[in-house]
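Colleague: Would you mind keeping the following structure in view while I ask a few things?
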Amino acid sequence: QVERKNGRLLELLELVVARACAKVEEGKPEVRLLTRLLHTAGKLQRLEIYEQQLALSAPVTKARFAEAVRDTKLALEQALMRGASVDKELLLQLRLLSVETEPYTASGAEFGP
Numbered sequence: 423q424v425e426r427k428n429g430r431l432l433e434l435l436e437l438v439v440a441r442a443c444a445k446v447e448e449g450k451p452e453v454r455l456l457t458r459l460l461h462t463a464g465k466l467q468r469l470e471i472y473e474q475q476l477a478l479s480a481p482v483t484k485a486r487f488a489e490a491v492r493d494t495k496l497a498l499e500q501a502l503m504r505g506a507s508v509d510k511e512l513l514l515q516l517r518l519l520s521v522e523t524e525p526y527t528a529s530g531a532e533f534g535p
């Protein structure tokens with residue numbers, strides 16, 4: 423649709439995807455947290471979120487958050503290795519979150535989803 427320059431359809435698809443994402447985020451604190459962190463550029467702001475939200479989360483939420491970061495990062499890395507087009511900024515951000523959040527999720531890592 424991008425190649426066809428079908429802007430109207432693309433806008434509609436973006437809206438549908440945004441609504442679907444919002445629906446998924448409603449009941450999953452780990453998804454809401456990941457979304458918030460992906461939209462937070464500053465390291466100090468992320469650190470504040472880690473300390474005020476992630477550190478205080480239930481162990482199961484920490485484990486699910488770590489799993490979501492890991493699985494999403496892995497899926498993007500595998501797609502990149504296959505030669506697929508991936509959002510490199512998103513991959514970079516996920517790699518960063520993986521490293522930065524490890525101290526906050528390590529204690530919850532032994533709990534399953």
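Note that this note's numbering has the sequence shown beginning at 423, numbered continuously upward.
Just so it is clear, CB atoms sit at the ideal spot from N, CA and C, and this is done for glycine as well.
These numbers were taken from a predicted model, which means no experiment stands behind them.
(1) What residue range is occupied by the uninterrupted alpha helix (DSSP H) comprising R468?
(2) Report the option in S520, A480, Q500 whose CA atom is closest to the CA atom of K450.
(3) Can you round the beta-carbon distance between R468 and T462 to whole angstroms, since I take them to be within the 8 angstroms contact cut?
(4) If you run the structure through DSSP and keep just helix, strand and coil, what is T457?
(5) Starting from R382, follow the alpha helix (DSSP H) in both directions and report where the run begins and ends.
(6) Can you list, in chain order, the residues of its chain with a C-beta nearer than 8 angstroms to that of D493? Leave out the 5 residues immediately preceding and following it.
(7) Do you know offhand how far V491's Cα is from E433's?
Modeller: Reading from the atomic positions:
(1) 465-471
(2) A480
(3) 5 angstroms
(4) helix
(5) Outside the displayed span of the chain (423 to 535) sits residue 382, for which this structure offers no information.
(6) none
(7) 28 angstroms
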